[in-house]
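Comments concern the structure below.
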Amino acid sequence: MNVSAAQQAAPVASQAPVVMDCKLDKIFYGNFMAVRDSHVPIEKNKITGFIGPSGCGKSTVLRSLNRMNDLVKGFRFEGHVHFLGQDVYGKGVDPVVVRRYIGMVFQQPNPFSMSIFDNVAFGLRLNRYKGDIGDRVKHALQGAALWDEVKDKLKVSGLSLSGGQQQRLCIARAIATEPEVLLLDEPCSALDPIATRRVEELMVELKKDYTIALVTHNMQQAIRVADTTAFFSVDISQGSRTGYLVEMGPTTQIFQNPREQLTDDYISGKFS
Amino acid sequence: MYRKQSMNTPFDIPDNPDSACRPPSAKDFLVDRIFRGLARIGVALILALVLALIFEIGRKALPGMEKHGLDVLFGTVWDVNQGKYGILPAIWGTLYSAFIALLIAGFFGVSMAIFLTQDFLPAKLAAVFRTIVELLAAIPSVVYGLWGIYVVIPAIRPLTAWLNSELGWIPFFGTSLSGPGLLPAALVLAIMILPTVAAVSQDALASVPMKTKQAAYGLGTTHWEAILKVMVPSAATGIFGSLVLGLGRALGETMALAMLVGNANTLSVSLFAPANTLAALLALNFPEAGPNEVEVLMYAALVLMFITLLVNVLGSLLMLYAQRGNK
Amino acid sequence: MTDLSQPVTALPSLQRRFEGRALRSLVLTSLAWIIAIVASVPLISVLYMLITKGGARLSLEVFTELPPTGFEMGGGFGNAMAGTFVMVGIAAAIAVPVGILAAVFLAELGPDSKLANAARFAAKMLTGLPSILAGVFAYALVVMTTGTYSAPAGGVALAVLMLPIVVLTAEEAMKMVPKIMKDAAYGMGCTRAQVIMKIILPTGLPAILTGVMLAVARAAGETAPLLFTALFSNYWIYHEGSLAVMNPTASLAVLIYNFSGMPFDNQLELAWAASLVLVIIVLLVNIVSRIFGKPKY
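In order, the protein sequence lines correspond to chains G, X and C. Mapping to my numbering: the first sequence position 206 is 206, numbers consecutive. Mapping to my numbering: the second sequence position 318 is 318, numbers consecutive. Mapping to my numbering: the third sequence position 34 is 34, numbers consecutive.
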């Protein structure tokens with residue numbers, strides 16, 4: 001039983017309060033079951049890394065947490081995602097409202113075609129922020145370790161920055177409103193090694209203030225930054241490719257002493 | 001998806017003084033609803049417009065159809081005083097002029113498309129020729145009409161006179177060009193549809209996969225063999241589609257024909273004889289038409305709509321088929 | 001479509017004598033050059049005529065004076081220019097908002113819905129609609145209802161022709177906005193309207209404007225739909241202190257048509273001058289739209 005794997009994993013996790021309790025019983029795209037039986041608790045002020053072979057549904061899981069998948073035709077969800085005591089998938093809950101509280105950073109840096117300042121201020125204006133927007137923008141850019149590089153060109157288009165800077169701009173944009181949780185969907189996959197390192201350092205810095213869920217295709221990255229790691233795999237026994245959680249636990253345990261054979265095979269590179 | 005937008009959502013996060021996160025306001029939701037409603041109305045209006053077009057013209061044509069029936073379609077005399085309204089010559093002229101124009105524009109347009117897409121020219125020079133063809137499309141048809149009257153007709157008259165006197169036994173050259181006539185109209189029409197044919201053929205040729213082209217050269221064919229035996233057959237559906245779309249434009253073009261075709265309700269295969277087309281008939285007779293004539297003109301408009309719709313649907317389907325084929 | 005049987009049939013040519021192939025290629029290449037040059041002749045000839053004949057008559061007074069009648073000398077087409085602007089303005093006021101809203105639905109709200117597919121097909125059919133039929137429609141809908149030729153009737157006819165251009169180009173423009181950019185906006189908790197108004201429309205604006213400009217350029221040059229909707233007038237649309245909206249209205253295009261067949265040199269010269277002005281307007285709009293139409297993303 002794969003459910004039991006997840007259930008075993010949960011008690012091992014440390015005692016920090018759970019911000020998002022995600023019980024993903026079934027996720028469908030049309031008739032295709034993308035993910036099944038995965039229970040992923042996400043703890044406060046920690047980085048929870050999602051790893052696994054491609055097609056294991058780790059991005060689908062992440063995108064279900066703030067209901068981004070509602071934009072995909074045929075998406076269906078069974079289970080619950082409890083966020084600060086409320087179900088994100090509760091009856092009558094508007095996905096638009098959910099996304100206001102959960103920030104997201106995507107694989108490809110995707111600044112808007114507007115100035116650096118307006119990019120960061122976008123969320124503040126969207127949320128009708130009453131305080132000093134300039135102050136908040138500066139704070140967010142500092143938080144994203146971008147302030148020193150852009151402070152003299154805030155009026156310049158966000159698209160004129162380098163890829164790594166763009167991604168940090170997107171992080172600044174996401175943290176400007178100070179959401180409870182940050183979802184990072186392979187944020188370094190389009191970046192060079194130096195830019196990747198900067199973003200990794202940034203993530204570790206950010207976890208002081210935020211709870212972070214990180215999808216990564218890079219096991220080394222999970223080892224470097226994640227406190228807790230969730231390993232997903234693909235089940236092809238039913239004739240289609242359905243992802244599920246194999247096991248979840250502190251990163252050191254997952255990589256040094258995995259409970260499941262599948263995990264061991266994956267981290268030692270026996271299959272990918 | 002978000003079919004139901006509740007104004008006060010049950011999702012309620014306790015206020016965090018540090019966080020600027022707030023749910024959208026009731027106004028935001030209201031604006032969203034209204035905006036999406038308006039967009040839906042906008043789409044519905046397009047459909048409504050097409051239905052209204054068919055319905056309005058059809059409704060106004062109905063009395064004429066009831067009164068005259070098929071006599072209009074097969075009659076050859078248009079005489080308001082006698083109450084005779086025959087549009088057969090106009091239908092014939094519409095089809096004849098459009099096909100001649102297509103013959104000319106097809107030859108030039110497809111040749112241009114090959115010339116511009118198959119690496120005959122440095123990119124800059126190709127862009128110049130491409131712009132020239134595009135500019136042809138920008139010139140209003142009434143300007144072409146004016147140019148046709150004062151440039152094309154005088155320019156071709158010596159040639160037509162020679163053809164008529166030497167080869168007059170061929171039906172196409174059976175009459176002399178006294179001024180306006182089918183040939184000058186078709187020539188100008190050809191210039192007007194050339195951009196359509198050239199642009200759509202260019203797209204068709206440009207979308208032939210690179211590997212097909214490379215395979216052809218890899219087999220040691222010359223440039224021209226590759227073009228005629230590989231590229232053109234591969235793009236055939238798209239090129240054919242460009243011709244059909246060009247034909248659709250030619251059938252409906254009005255001004256150049258109203259000014260150049262001569263507006264004579266005659267059935268003739270002679271290229272030099274004055275003729276008439278449906279669009280020209282409408283343009284010339286509508287402004288001063290009485291109620292009886294309007295009925296028949298609406299009937300003629302319906303016939304024109306039917307013909308062009310048929311050709312355009314065919315052209316669109318071909319383009320769709322060509323696009324699928326390339327994927 | 002990849003018909004790989006073709007190169008195989010071309011294979012025997014390897015045995016052909018080299019000189020024959022080279023000669024044939026040379027002939028075909030020269031032919032291609034000749035065709036391209038011949039195809040350029042009409043444009044050059046039209047422009048030459050416009051500049052020599054139209055340019056000769058161009059003066060300040062043609063923009064300010066009313067058209068001459070019969071043997072009258074002088075005169076201009078000031079009222080026709082005003083009429084063209086008014087009618088294109090009416091058409092744009094109808095077609096642009098409706099077209100952009102419809103494009104929003106086609107590109108973003110329900111791109112795969114039945115409604116969208118039907119509307120897209122309808123718009124494509126409208127682009128192929130002979131312009132004279134737009135005139136017939138406006139005649140049936142507006143002229144026969146109001147009982148008079150008028151600027152609004154002409155505007156409606158032009159709007160029918162502008163609408164599909166605006167819809168289809170605006171849809172393309174909005175679809176060009178990168179999906180990742182839209183995702184970013186949705187991810188921040190924007191409603192659909194907010195994503196469209198704050199991100200998609202501003203980002204796609206240059207390309208949307210190009211479509212609007214192309215539609216305006218086309219409408220400005222159209223004659224057939226105005227012939228029996230706006231008809232023509234020898235007076236200003238702003239007449240004796242009030243806008244004579246519900247009266248026949250002049251336009252540059254119809255003026256060219258009317259004067260082209262007149263046996264008076266004065267009118268004919270004015271027709272050429274008006275053609276030059278019309279072509280300059282249309283080309284300017286085209287060029288401006290090309291310059292501003294470059295998307296920034």
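We put the CB at the ideal spot given by N, CA and C, even for glycine.
query: If you drop the 5 nearest sequence neighbours on each side, which residues of the same chain put their C-beta closer than 8 Å to that of V143/C?; result: Y149, S150, A153, F228 and T229
query: Nearest-angstrom Cα distance between A216/X and V230/X?; result: 7 Å
query: Contact criterion: CB-CB distance below 8 Å. Does G92/G meet it with respect to chain C?; result: no
query: Give the single residue among L260/X, G174/X and V152/X whose Cα lies nearest to the Cα of W162/X.; result: G174/X
query: For G128/C, which residues in chain X fall below 7 Å Cβ to Cβ?; result: G248, T308 and N312
query: Kindly indicate the opening and closing residues of the beta strand (DSSP E) around S38/G.; result: F32 to E43
query: When you compare the segment 109 to 118 of chain C with the segment 266 to 282 of chain X, are there three or more beta-carbon pairs, one atom per stretch, that lie closer than 8 Å?; result: no
query: Whose C-alpha, out of R40/X, G109/X and V143/X, is nearest the C-alpha of L106/C?; result: R40/X
query: I'd like the list of long-range same chain contacts for A134/C, defined as Cβ closer than 6 Å, with 5 residues on each side in sequence excluded.; result: A157, V160, L161 and P225
query: Along the chain, where does the alpha helix (DSSP H) containing L282/X start, and where does it finish?; result: L278 to N285
query: Kindly list, in the order they appear in chain C, the residues whose Cβ is closer than 9 Å to that of Q165/G.; result: Neighbours of Q165/G on chain C: none; closest Cβ ~16 Å, over 9 Å.
query: Looking only at its own chain, which residues have a Cβ that is under 7 Å from the Cβ of R3/X, when we skip the five neighbours before and after it?; result: Its pLDDT being 35, under 50, R3/X is placed unreliably by the model, and the measurement read from it follows with that caveat. Around R3/X: no qualifying Cβ.
query: For R24/C and L51/X, I'd like the C-alpha separation in whole angstroms.; result: 54 Å
query: Kindly confirm or deny that the segment 149 to 169 of chain G and the segment 75 to 90 of chain G touch, where touching means at least three C-beta pairs closer than 8 Å.; result: no
query: Identify, in the order they occur along the chain, each residue of the same chain with its Cβ nearer than 7 Å to the Cβ of A234/X, setting aside the five sequence neighbours on each side.; result: The sequence shown places Ser at residue 234/X, rather than the Ala named in the question. Same-chain partners within the cutoff: V208 and T212.
query: Does L183/G get closer than 8 Å to chain A when you measure Cβ to Cβ?; result: Of the protein chains in the structure, G, X and C, none is chain A.
query: Which of the three DSSP states is assigned to F112/G in this structure?; result: coil
query: Quick check on the DSSP output: the beta strand (DSSP E) that includes L267/X runs from which residue to which?; result: Careful: L267/X lies outside any beta strand (DSSP E) and carries neither H nor E.
query: Identify every run of the alpha helix (DSSP H) within the segment 53 to 110 of chain C, keeping only runs that are complete inside it and at least 4 residues long; order them along the chain.; result: 60 to 64 and 78 to 104
query: When you compare each of L125/X, L247/X and L271/X to N164/X by their alpha carbons, which one comes out closest?; result: L271/X
query: In the DSSP assignment, the alpha helix (DSSP H) including L159/G goes from what residue to what residue?; result: That residue, L159/G, is in no alpha helix (DSSP H); it is neither H nor E in DSSP.
query: Can you have a look at R100/G and say buried or exposed, based on whether 16 or more other CB atoms are within 10 angstroms of its CB?; result: buried
query: List the residues that DSSP assigns as beta-bridge partners of Q86/G.; result: F83/G
query: Confirm, please, whether the CB-CB distance from A186/X to I100/X is below 8 Å.; result: yes
query: So which residues on chain G does R130/X lean against when the C-beta distance must stay under 8 Å?; result: In chain order: nothing, as chain G lies at least about 29 Å away.
query: Can you list, in chain order, the residues of its chain whose CB lies under 8 Å from that of N265/X, leaving out five sequence neighbours each side?; result: T76, V77, W78, G86, P89, A90 and N276
query: Between which residues of its own chain and D25/G is the CB-CB distance below 8 Å, once the five residues before and five after are set aside?; result: R36, D37, E78 and G79
query: Is there a Cβ of chain C sitting closer than 8 Å to that of L65/G, yes or no?; result: no
query: Assign N286/C to buried or exposed, taking buried as 16 or more other Cβ atoms, counted over all protein chains shown, within 10 Å of its Cβ.; result: buried
query: Just to confirm, is the Cβ distance from S113/G to T203/C under 8 Å?; result: yes
query: Would a check of beta-carbon distances place G89/C closer than 8 Å to chain X?; result: no
query: Could you tell me which uninterrupted alpha helix (DSSP H) segments, each at least 4 residues in length, are contained entirely in the segment 163 to 227 of chain C, listed from first to last along the chain?; result: 179 to 187, 201 to 221 and 224 to 227
query: Taking one C-beta from the segment 260 to 270 of chain C and one from the segment 89 to 96 of chain C each time, how about it: are there three or more such pairs within less than 8 Å?; result: no
query: Which residues in the same chain as V282/C place their Cβ atom closer than 7 Å to its Cβ, once the five residues preceding and following it in sequence are excluded?; result: A217, A220 and G221
query: Who pairs with C22/G in a beta bridge, going by DSSP?; result: V40/G and V81/G
query: Would DSSP call G249/G helix, strand or coil?; result: strand
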